[in-house]
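See structure below.
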Amino acid sequence: MNTSLKLTNFCVVSVLVLGLAGCGEDKKAAPVPAAKAVVADPSLVTPPATVVARITVAALTEHPIADVLRVAGQVSFDEQRIARIGSTVTGRVMEVKRHLGNSVHTGDVLAVLNSAELGQAQLAYLKARSQSSLEQRNVDRAQLLLSADVIGAAELQRRENALEMAQAEMRAAADQLKVLGMSNASLQTIARTGTINSIKPVTATVAGVVVERNVTQGQVVTPSDPMFTVADLSHLWVVAEVPEQQAVSAKMGQDVAIEIPALNGKQVAGKLIYISDTVNPETRTVLVRTVVDNANGKLKPSMLATMLIATDAVPRLAVPVTAVIRENNLDYVFIQLKAGQFKLVEVKLSPEVNGLRPVLSGVKLGDKVVVDGAFHLNNERNRQALEGA
């Protein structure tokens, strides 16, 4: 009986020991869940007092801002300072005296022609002048004869009519020579000397630079042929096509800025002197024109240009350019969440206008933004992010 009891107790103890051992092994094998790591927000920064002292925070407000229209255009000649010069007579070019790029003054000889047409016109003038002198002498003689009662009044009247016809022909011949480009002094020289000169100089009618030359020595030219183009390049035009929906923003006399890509984007000042009264039906644009000073000669006709036309100012939410942080081709600003804590937020901004960047999205009216010292705050944010990593 005792032996059986002992055996029973031994079995019970063994089972308990094995059960406890099994439970210990199960607890040891079960993994303990790890605590979740806290990841810091890289856009948040809590700067020390030394950095806080170097920044300025202000609530966002609206500012009167004018949009800027960027309109493609090009540099052009000032049509009021350009002359296309040709010959007033048909003739053959004997000599070309000015070439592309030469500077000329008014009256300078550009080329010399030999014109048979001019010679014939001079001959006609001399004949008409001679006939007028003859008829004048006939009238004088008739007056003497009439006073001596040798001829009648009818004969005097006939000779006076002939004189009037001769004088009219002489005036017509003189006018024809003036049309062909002869001056009064040249006419007097022909009348005095009675010689014919078929040499015709082609002279500059304006001062400037020869920008086109369309003749060569030996070429026959007519009055319809442009021989030279002379332009004053000290002032030029910039013309552009403004979309009809935005044309209302352009006003006569308005100051505009002009960007010239060929001059590394340099801006020159201009003033609108012309706005078309019609819309181009093909492009739906309105032609505008501005005049610019080119005393230094850096602008060249046909250069590409961008005309910047300011619109009327309207209240718009904007941030100072000093508040903007540029990273990875994106714009950011710091907003103050609470005293001593700031957050970097992405914003969409329009181009700068007088030191301000109009806000498209990202912040709202009244947000407290770091308007000065954002650079120092961003350096501190990067330092804290590196230390946290």
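Residue numbering for the sequence shown is 312 to 700, as defined by the working numbering. Glycine included, C-beta positions come from ideal geometry on N, C-alpha and C.
Query	Result
Quick one: residues in its chain with C-beta nearer than 7 Å to the C-beta of Val-362, no 5 flanking neighbours on either side, listed in chain order?	His-687, Leu-688, Glu-691
CB-CB under 7 Å to Ala-502, same chain, minus the five flanking residues each way: which ones, in chain order?	Arg-440
Name the two residues that bound the continuous beta strand (DSSP E) containing Ala-573.	Ala-573 -> no beta strand (DSSP E), and no H or E assigned at all.
Tell me whether the beta-carbon of Leu-648 lies closer than 7 Å to the beta-carbon of Leu-371.	no
With a floor of 4 residues, list each alpha helix (DSSP H) that falls wholly inside the region 428–484, ordered by position along the chain.	none
Three-state secondary structure (DSSP) at Ile-510?	strand
With burial defined as no fewer than 16 other Cβ atoms inside 10 Å of the residue's Cβ, what is the status of Gly-666: buried or exposed?	exposed
What first and last residue would you give for the beta strand (DSSP E) that runs through Val-664?	Per DSSP, Val-664 belongs to no beta strand (DSSP E) and is neither H nor E.
Keeping to the same chain, check which residues put their C-beta closer than 6 Å to that of Ala-573; ignore five residues upstream and five downstream.	Met-614
Pick from Ala-360, Gln-433, Leu-380, Ser-661: whose alpha carbon is nearest that of Thr-500?	Gln-433
Over the uninterrupted alpha helix (DSSP H) stretch that includes Leu-701, give me the two end residues.	No statement about residue 701 is possible, as the shown extent of the chain runs from 312 to 700 and does not include it.
What's the C-alpha gap between Gln-565 and Ala-621?	9 Å
Compare the C-alpha of Leu-445 against each of Asp-536, Ala-477, Gly-430 and name the closest.	Ala-477
Would you kindly check if the distance between the Cβ of Ala-551 and the Cβ of Ile-586 is under 7 Å?	no
Apart from the five residues on each side of it in sequence, which residues of its chain come closer than 6 Å, Cβ to Cβ, to Glu-570?	Gly-576, Gln-578, Thr-617
Please report the distance separating the alpha-carbon of Ser-443 from that of Ile-510.	26 Å
Taking DSSP's pairing of strands, which residues face His-410 in a bridge?	According to DSSP, His-410 bridges with nothing at all.
Using only the alpha-carbon positions, how far apart do Asn-591 and Val-682 sit?	46 Å
What three-state label does DSSP hand Thr-622 in the structure shown?	coil
Give the C-beta separation of Arg-627 and His-374 to the nearest angstrom, bearing in mind that I take them to be a contact with Cβ-Cβ under 8 Å.	7 Å
According to the Cβ coordinates, are Val-526 and Val-404 closer than 7 Å?	yes
Among Leu-641, Lys-611, Val-644, whose alpha-carbon lies nearest the alpha-carbon of Ser-387?	Lys-611
If the criterion is Cβ atoms closer than 7 Å, does the pair Leu-660 and Phe-645 meet it?	no
Mapping DSSP to helix, strand and coil, what is Asn-591?	strand
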